[in-house]
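Numbering (the working numbering), first residue to last: 194 to 372.
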Amino acid sequence: FIALIPALVEQERDWRTRNSVQSFVEREGEAHLIGQTNLSAKADRIDRLREGGWAVIDYKTGTIPSTKDMAEGRKVQLTLEASILNAGGFKGIQGTARSLVYRRLAKDMNTSILDQDVETTAQFVLDRLRGLVASYLEAGRSYPSCPYGFKQDFLPPAAREYDHLARVLEWSGVEEDAA
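So this is what it looks like as structure tokens:
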């Protein structure tokens with residue numbers, strides 16, 4: 194990590210010169226979802242942008258989501274944090290999220306930025322989450338272990354590591370060798 198410091202400092206200097214006028218780090222926020230359910234998050238960083246609005250920034254040591262995955266609502270961490278911000282859920286921060294930024298803290302120092310239709314994307318993801326939570330609040334609702342069907346290739350292996358405990362293969366009617 195020490196070897197990354199010069200590149201990180203340069204990237205940060207460039208970002209602040211071009212984009213940021215104020216930063217808040219490790220800021221906790223919360224917004225109402227539905228019923229008695231709230232959404233809470235701790236943003237790595239939130240920056241006030243020179244041109245107005247806010248950037249929600251997250252630092253990753255592993256793979257960062259693509260701009261396309263963020264825009265299409267498949268990677269939702271920052272879009273949900275943007276929803277909290279847009280609802281006034283981060284103390285001392287008022288306004289609208291205009292940019293979502295993932296920064297990779299690794300040798301390549303990749304950055305993924307979504308700065309188009311952020312408000313619409315954040316609302317879309319929030320509405321989907323509200324719908325999901327509402328369905329879970331229904332009396333008599335079952336909670337399937339594979340809500341998107343047995344073939345969930347878009348999920349990383351770690352997200353499927355407990356399928357055997359839910360007896361997914363047995364209940365799906367799929368032969369174990371065929372899966």
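A virtual CB, placed ideally from N, CA and C, is assigned to each residue, including glycine.
C-alpha gap between D237 and E363, whole angstroms: 42 Å
Name the DSSP bridge partner or partners of A315? BP columns for A315 are empty, so no partner.
I195 classed as buried or exposed, judged by whether at least 16 other C-beta atoms fall within 10 angstroms: exposed
Under three-state DSSP, which class holds A200? helix
Spatial distance of A327 from I227 (CA atoms): 7 Å
Based on Cα-Cα distance, which residue from E354, R206, S276, D240 lies nearest to V318? S276
I'd like the span of the beta strand (DSSP E) that includes A257, first residue to last. Here residue 257 is Ile; the residue named in the question, Ala, does not match the sequence. Where I257 is concerned, there is no enclosing beta strand (DSSP E), given that its DSSP letter is neither H nor E.
Jot down the residue ranges of each uninterrupted alpha helix (DSSP H) in the region 228-282, minimum 4 residues, whole runs only, in chain order. 260-264, 270-279
Grab me the residues of T272's own chain with a C-beta within less than 6 Å of its C-beta, minus the 5 sequence neighbours each way, in chain order. T314, A315, V318
Can R241 and G288 be called in contact, C-beta distance under 9 Å? yes
Drop a sphere of 10 angstroms on the beta-carbon of G282, count the other beta-carbons inside from all chains shown, and report buried for 16 or more, exposed for fewer. buried
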